[in-house]
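Numbering (full-length UniProt numbering), first residue to last: 1 to 265. C-beta atoms are modelled at their ideal positions from N, C-alpha and C, and glycine is treated no differently. Fair warning: this is a prediction, and the values are worked out from it, not measured in the lab. For reference, the structure discussed in these notes is given below.
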Ligand SMILES: Nc1nc2c(ncn2[C@@H]2O[C@H](COP(=O)(O)OP(=O)(O)O)[C@@H](O)[C@H]2O)c(=O)[nH]1
Ligand SMILES: [Mg+2]
């Protein structure tokens with residue numbers, strides 16, 4: 001059985017993926033448990049799928065899935081819902097978060113955490129940021145908006161989050177936001193399900209080549225957070241003593257966010 005499955009959403013990542021796969025597989029091989037990398041090709045047109053398919057065999061297998069619905073959130077959702085691993089999560093194709101943190105991820109999950117969230121706001125995080133002033137101001141405002149939805153996590157946008165599989169299914173099955181703000185919906189749903197979230201420090205580098213446009217994706221992310229807040233209204237954040245998620249009824253609502261799972265047509 002695969003213990004840890006790392007989903008990598010990929011939209012035109014043929015150039016960045018080869019190095020990422022080498023480093024990620026090496027880090028996973030060190031964990032000493034069966035792991036897998038699942039790359040979800042999100043309708044790329046630069047040969048991303050071919051790059052993944054030609055990865056050499058090794059102790060950590062690489063799986064390729066296809067998602068025809070555009071959006072990082074839908075790509076991650078495709079990989080998470082297709083996973084049969086005990087723990088599943090995701091990281092970015094540029095490996096902005098150093099995979100050395102995977103050891104801590106596994107330790108916390110094995111210790112009973114429902115989700116482990118990489119956070120650049122953690123006091124022990126090392127963050128090398130080269131973002132524009134516009135993006136940095138936007139990020140501060142965004143964190144303020146997100147606080148209305150997610151209370152127990154101080155930073156939601158670091159692309160490095162891992163879950164026990166039942167928790168992952170519960171929060172990803174009803175996911176409606178496919179854009180860059182999907183993390184907010186995922187964490188908002190996890191909190192409302194009473195999941196025990198653990199924030200961990202990360203070593204994070206701002207890798208050039210970001211697809212996030214502060215103007216185009218920025219305002220869309222604010223709109224998305226407002227929509228998420230509306231969608232999750234009335235569902236109180238869980239009480240201080242978390243309810244074990246495994247005992248809660250699973251009520252998947254896949255309307256609006258169904259992603260095609262499968263190999264590239
Ligand atoms: N599936 C999917 N993934 C995307 C899309 N845009 C970006 N990504 C992925 O999201 C991750 C982070 O993207 P990146 O461009 O580095 O944005 P950053 O968060 O600003 O660094 C990478 O794995 C990208 O391949 C998209 O439209 N669809
Ligand atoms: Mg990046």
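Practice prompt. Could you tell me the distance, in whole angstroms, from the CA atom of residue 97 to the CA atom of residue 176?
Written response: Each residue's Cα considered, the two are about 25 Å apart.
Worksheet item: Is residue 93 near ligand 1, judged by its Cβ being under 7 Å from some heavy atom?
Response: yes
Worksheet item: Leaving out five residues before and five after residue 95 in sequence, what residues of the same chain have Cβ atoms less than 7 Å from its Cβ?
Response: If the five residues before and after residue 95 are omitted, its C-beta is found closer than 7 Å to the C-beta atoms of 20, 23, 24, all from its own chain and listed in chain order.
Worksheet item: Could you give the uninterrupted runs of the alpha helix (DSSP H) lying entirely in the segment 139-224, keeping only those of 4 residues or more?
Response: The segment 139-224 contains these whole alpha helix (DSSP H) runs: 165-172, 182-192.
Item to complete: Closer than 7 Å by C-beta to residue 146: which residues in its own chain qualify, once you throw out the five before and the five after it? Chain order, please.
Response: Result list for residue 146: 156, 184, 225, in chain order.
Worksheet item: Does at least one heavy atom of ligand 2 sit under 7 Å from the Cβ of residue 10?
Response: no
Item to complete: Go to residue 39, then tell me how far its beta strand (DSSP E) extends in each direction, as first and last residue.
Response: 35-41
Item to complete: Would you grab the beta carbon distance between residue 150 and residue 191 for me? Rounded to a whole angstrom, and I think it's under 8 Å.
Response: 6 Å
Worksheet item: Would the beta-carbon of residue 96 be found less than 7 Å away from any heavy atom of ligand 2?
Response: yes
Discussion item. In whole angstroms, give me the CA-to-CA distance for residue 116 and residue 62.
Written reply: 22 Å
Item to complete: Return yes when the Cβ of residue 162 is within less than 8 Å of the Cβ of residue 105, no when it is not.
Response: yes
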